[in-house]
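**Student:** Using my numbering, you'd call the opening residue of the sequence shown number 1025 and step up by one each time. C-beta: ideal position from N, C-alpha, C; glycine also.
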Amino acid sequence: MRLLLLALLCVTTLARADELPVAVAANFAAPAKQLAADFEKETGHKLILIFGATGKFYAQIRNGAPFEVLLAADDETPARLEQDGAAVAGTRFTYATGRLVLWSGRPGLVDAKGEVLKKGGFAHLAIANPRLAPYGAAAVEALTALKLLAAVQARLVQAENIAQTHQFVATGNAELGFVALSQVIKDGKVAEGSAWVVPANLHQPIRQDAVLLDKGRGKPAPEAWLNYLKGDKAKAIIKSFGYEI
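Structure (structure tokens):
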């Protein structure tokens, strides 16, 4: 009888488990994978993580993409989706605040104050498309605040999203670029190369909001995932990747 009850309990748990398609901002790929593994272990729900540019996700969601939750790289896109009726009102919250970093795979190229931007010595500076990627917009804001945008304009290499920006720099196609701190940090410090964490006062806060999308309305898995992200365990993981909570 005991074995039968255990078997029935397992079947019930499996029956309730669900697959959850989540649109995730490219900068949040590494923490999202770790969070997903922990969440799946705890709940049995399976996350299908799709990474990309927040601006493109907005267009895809408005055109009927099957995402049930959005983890955006900004706070404006989830708000717009709420206004458009494509997201559930009252479910939006900030799950992380990102930090922008000027990074090079080459040790010593980027100094501790970002003076390399003034001194030069590089042919290409990679940034994400500022029209689609909030980290790209933050990079333009920072360069404008430093009065360096015009000086580096001819050397800018524009990537589709922050993941591609990182790839440009990591492969050496651009000597340096503005990426998310989460992409280059490991155990609390930049894992390789050289970097300058851009002061937060040089650009608008990169508040990253999550929201329940209309296709996830009333389903247990999306609600469980959003509740998990608000918990202390998830916050600790997110913070370990260089985000502010």
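Where does residue 1154 fall in DSSP's three states?
**Tutor:** By one-based count along the sequence shown, residue 1154 stands at place 130. If DSSP states are grouped into helix, strand and coil, residue 1154 belongs with coil.
**Student:** Hey, could you find the ends of the alpha helix (DSSP H) residue 1102 is sitting in?
**Tutor:** Locating residue 1102 in the sequence shown gives position 78, counting from the first residue. Start and end: 1100-1108.
**Student:** Here's the rule: buried if 16 or more other CB atoms are within 10 angstroms of the residue's CB, otherwise exposed. What is residue 1168?
**Tutor:** The sequence position of residue 1168 within the sequence shown is 144, counting from 1. Residue 1168 is exposed by the Cβ-count criterion.
**Student:** Does the beta carbon of residue 1213 come closer than 8 Å to any beta carbon on chain B?
**Tutor:** The displayed structure is made up of one protein chain only, and chain B is not part of it.
**Student:** So, helix, strand or coil for residue 1228, using DSSP?
**Tutor:** Counting from one through the sequence shown, the residue named residue 1228 turns up at place 204. Coil, per DSSP.
**Student:** Helix, strand or coil: how does DSSP classify residue 1243 here?
**Tutor:** Indexing the sequence shown from 1 puts residue 1243 at position 219. In this structure, residue 1243 counts as coil in the three-state DSSP scheme.
**Student:** Can the beta-carbon of residue 1156 be found less than 8 Å from the beta-carbon of residue 1220?
**Tutor:** Residue 1156 sits at position 132 when you count from the first residue of the sequence shown. Residue 1220 sits at position 196 when you count from the first residue of the sequence shown. It is not a contact, given that the beta carbons lie outside the stated cut-off.
**Student:** Applying the 10 Å Cβ sphere with the 16-neighbour rule, what's the burial state of residue 1195?
**Tutor:** For the purposes of this step, residue 1195 is taken as the residue at position 171 of the sequence shown. Exposed.
**Student:** What does the alpha-carbon distance come out to for the pair residue 1172 and residue 1154?
**Tutor:** On the sequence shown, residue 1172 is found 148 positions in, with the first residue counted as 1. On the sequence shown, residue 1154 is found 130 positions in, with the first residue counted as 1. Cα-Cα distance, rounded: 16 Å.
**Student:** Alpha carbon to alpha carbon, how far is residue 1264 from residue 1211? Give it in angstroms, no decimals.
**Tutor:** Residue numbering aside, residue 1211 sits at position 187 when the sequence shown is read from its first letter. Residue numbering aside, residue 1264 sits at position 240 when the sequence shown is read from its first letter. About 7 Å.
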